[in-house]
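Asks: Numbering (our numbering), first residue to last: 16 to 439.
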C-alpha cells in the first residue's frame, strides 16, 4: 500500500507499515524546512519480495511523473540493499534508515552535492531512538508516537532487523511529554508504534516493560481520551499490560503477530510461542475485556508447510476469534534462513493465501454483524470516515464537518468491507 503526502512541500511516497507513515511525516517536515520543495522521497518496505518490487515500480513511476526532480530513496529496502537502488538511473540518493530521521541529512548542499549516491550506515551500530513530535497526520482524530525501533529477534523469514537494527527504546519521560503535547493540541487518540513494540524498555535503566509505559501514560496524562497500541508480539505481553487492557481509555483492539497456527512451522520460523499460547492469550484478553477485537498476521506457504500444517493456521482464525486478518503469501528474502529451506510451489502458496483471505473475510463479516443494529461511539477521522474504538471502520451516512471528535452512531448495516452508520 502506498500513501502520498499532501501536495504542499516535497512529495513523499510511503510504502509498508504505519511506522513508515510516521517517519515519512518526519522526513517531509525536515525536507520542507530545508527547502527541498521539488524533491520526491520514497520510503520503501522490505517485508516481502513483492514489497521491494513495488518500491522499484514506485521509483520509476515517480521519475516519469516528476521529470527533473531529485528522487531520494530510503526505508528498509534501501537499507538492506542500497546498491541495488543506487544502480537505478532514476535514483538521486539512497539514504539509510537512521540518517533519514536527522534534520541535517536533508540540507540540499550536502544531500544533492557530490557524486556519493549511497548514504547508508551500519544500522546494527545504532543504539538510540530519538523522539519526534509529529501531529496533524490524521487531522485531530489520531496522532502517532514512535516509542521503539528495531528488533532483537531473528525470525527465519524476516529481513526487517537488518533494515531497522537492534531494539532501542524512547525513554518514558520523553513519551509522556510527547503525548501531553499532542493532547494539548487537540488530538483525541494517540497510537504507540514500534517495530517490536513489546520489547520497549529492555534497553532502558531498570528494564521497564510496555505495560508500565501504558499505565504511566494513562495516569500521567488524564486528558488523553483514548490510547491505542499497534501490532505486538503476543508472547511478550506482560502482566501490567494485560492489567491495563481493562482500562476503558485503552482502545479494545490488539493486532497480534502470530504468523502461523502450527507448532512445527512456528519452531521453523523461530517464533517463541505455540498455537496453544496464542489461543490462551485470546481467551484471556476476552475475559479481561469483553468488547475487545483481535487482528493477526498469518503467513501462508512457509517452506515445508504441509496441508495439515496449513489447516492448523485456518483453524487458528476461529480458535482465536480473530476479527481482522492480514494474510501474507510467503516470500523468500535473500539472506534469511527460511530462503534456504525447501520451498513450496508458488501456485500452491498463492492458493493457500487465498484460502486464508477467505477465512479472514468470513471472520470480518461475523465481526460486523455483531455491531449491526447497535448504537456505538465512533471517532470521526474525516468526512464520512469514522472508526469504533475496536478500530472497525464506519462509513457515515452524512459527512461530519469537524472531524476529530466522537459521535454516537446507529450501525445500520455493512457492505462487507466496512460498517454503515447514521449519526444520532
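Glycine included, every Cβ here is placed at the ideal spot set by N, Cα and C. Bear in mind that the values here come from a model prediction, so they are computed numbers and not experimental data.
Measure the alpha-carbon distance for residue 355 versus residue 181 and round it to whole angstroms.
Replies: Taking the straight line joining both Cα atoms gives about 23 angstroms.
Asks: Does residue 136 pass the burial test, meaning 16 or more other C-beta atoms within 10 Å, or should it be called exposed?
Replies: Exposed, because fewer than 16 other Cβ atoms sit within 10 Å of the Cβ of residue 136.
Asks: Drop a sphere of 10 angstroms on the beta-carbon of residue 365, count the other beta-carbons inside from all chains shown, and report buried for 16 or more, exposed for fewer.
Replies: By the neighbour-count rule (16 or more Cβ atoms within 10 Å), residue 365 is not buried but exposed.
Asks: What is the rounded straight-line gap between the Cα of residue 41 and the Cα of residue 359?
Replies: If you take the alpha carbons of residue 41 and residue 359, they lie about 40 angstroms apart.
Asks: Check whether the Cβ atoms of residue 465 and residue 394 lie closer than 8 angstroms to each other.
Replies: Because residue 465 is not part of the residues shown, which for the chain are 16 to 439, the question remains open.
Asks: Decide yes or no for the touch test of the stretch 228-238 against the stretch 267-277: beta carbon pairs closer than 8 angstroms, at least 3 of them.
Replies: No, the stretch 228-238 does not touch the stretch 267-277.
Asks: By DSSP, does residue 400 sit in helix, in strand, or in coil?
Replies: Strand at residue 400.
Asks: Could you spell out where the beta strand (DSSP E) holding residue 343 opens and where it closes?
Replies: Looking at the DSSP string, the run of the beta strand (DSSP E) that includes residue 343 is 339-344.
Asks: I'd like to know if the stretch 336-348 and the stretch 365-375 are in contact, where contact means that at least 3 CB-CB pairs between them fall below 8 angstroms.
Replies: These segments touch.
Asks: Can you list, in chain order, the residues of its chain with a C-beta nearer than 6 angstroms to that of residue 133? Leave out the 5 residues immediately preceding and following it.
Replies: Excluding positions up to five away in sequence, the list reads 97, 101 and 109.
Asks: With 16 other CB atoms within 10 Å as the buried threshold, where does residue 200 fall?
Replies: Residue 200 is exposed by the Cβ-count criterion.
Asks: With a threshold of 16 other CB atoms inside 10 Å of the CB of residue 93, please say whether the residue is buried or exposed.
Replies: It counts as buried.
Asks: Cβ of residue 49 within 8 angstroms of Cβ of residue 91?
Replies: Taking 8 angstroms as the Cβ cut-off, residue 49 and residue 91 do not qualify as a contacting pair.
Asks: Can you tell which of 129, 73, 67 and 130 has its C-alpha closest to the C-alpha of residue 99?
Replies: Ranking 129, 73, 67 and 130 by Cα distance to residue 99 puts 67 first.
Asks: Restricting to runs no shorter than 4 residues, where is the alpha helix (DSSP H) found entirely within the stretch 277-347?
Replies: Fully enclosed alpha helix (DSSP H) runs of 4 or longer: 278-284, 290-303 and 322-334.
Asks: Could you pull the DSSP bridge partners for residue 50 from this structure?
Replies: Beta-bridge pairing links residue 50 to no other residue.
Asks: Just list the alpha helix (DSSP H) runs in the stretch 76-140, keeping only unbroken ones of 4 residues or longer that don't cross its boundaries, in chain order.
Replies: Listed in chain order, the complete alpha helix (DSSP H) runs (minimum 4 residues) inside the stretch 76-140 are 91-95, 97-101 and 123-127.
Asks: In three-state DSSP terms, what is residue 432?
Replies: Here residue 432 sits in coil by DSSP.
Asks: Pull up the CB-CB distance for residue 198 and residue 162, whole angstroms please, since I reckon it's below 8 angstroms.
Replies: 16 angstroms between Cβ atoms; not a contact.
Asks: Residue 428: which of 415, 246, 384 and 47 sits nearest, CA to CA?
Replies: Here the closest residue by C-alpha is 384.
Asks: Nearest to residue 424 by CA position, among 407, 406, 231 and 390, is which residue?
Replies: Nearest C-alpha to residue 424: 390.
Asks: Please report the distance separating the alpha-carbon of residue 43 from that of residue 397.
Replies: Residue 43 and residue 397: Cα-Cα distance of roughly 22 angstroms.
Asks: Determine whether the beta carbon atoms of residue 115 and residue 89 lie at a separation below 8 angstroms.
Replies: Yes. Within cutoff.
Asks: Starting from residue 393, follow its DSSP beta bridges and name the residues at the other end.
Replies: In DSSP, residue 393 forms a bridge with 403 and 422.
Asks: By Cβ distance, which residues of its chain are closer than 6 angstroms to residue 421, with the 5 residues on each side in sequence left out?
Replies: 392 and 394.
Asks: Can you list, in chain order, the residues of its chain with a C-beta nearer than 7 angstroms to that of residue 105? Leave out the 5 residues immediately preceding and following it.
Replies: Correct list, in chain order: 74, 75, 78 and 86.
Asks: What do you get for residue 281, buried or exposed, if any count of 16 or more other CB atoms within 10 angstroms of its CB means buried?
Replies: Residue 281 should be labelled buried.
Asks: Within 8 angstroms, do at least three Cβ pairs link the stretch 278-297 to the stretch 239-247?
Replies: Verdict: no, contact absent.
Asks: Return the CA-CA distance between residue 39 and residue 53, expressed in angstroms with no decimal places.
Replies: Their Cα atoms are separated by approximately 16 angstroms.
Asks: Would you mind sorting residue 204 into buried or exposed? The rule is 16 or more other CB atoms within 10 Å of its CB.
Replies: Answer is buried; the Cβ neighbour count reaches 16.
Asks: Contact check, residue 210 vs residue 34 under 8 angstroms by CB: the rounded distance?
Replies: Yes, they are in contact, since the Cβ atoms of residue 210 and residue 34 sit about 6 angstroms apart, within 8 angstroms.
Asks: May I ask you to report which of helix, strand or coil DSSP gives residue 222?
Replies: Three-state DSSP puts residue 222 in coil, outside helix and strand.
Asks: Which ranges would you report for the alpha helix (DSSP H) in the stretch 155-192 if only whole runs of at least 4 residues count?
Replies: List check, alpha helix (DSSP H) in window: 175-179.
Asks: Check this for me: beta carbons of residue 173 and residue 351, under 8 angstroms apart or not?
Replies: In contact: residue 173 and residue 351 (Cβ atoms closer than 8 angstroms).
Asks: Taking residue 334 and residue 294 to be in contact with their CB atoms under 8 angstroms, please state how far apart those CB atoms are, rounded to whole angstroms.
Replies: That pair is a contact at about 5 angstroms.
Asks: Under the assumption that residue 276 contacts residue 313 (Cβ atoms under 8 angstroms), give the Cβ distance between them as a whole number of angstroms.
Replies: Right, their Cβ atoms sit about 7 angstroms apart.
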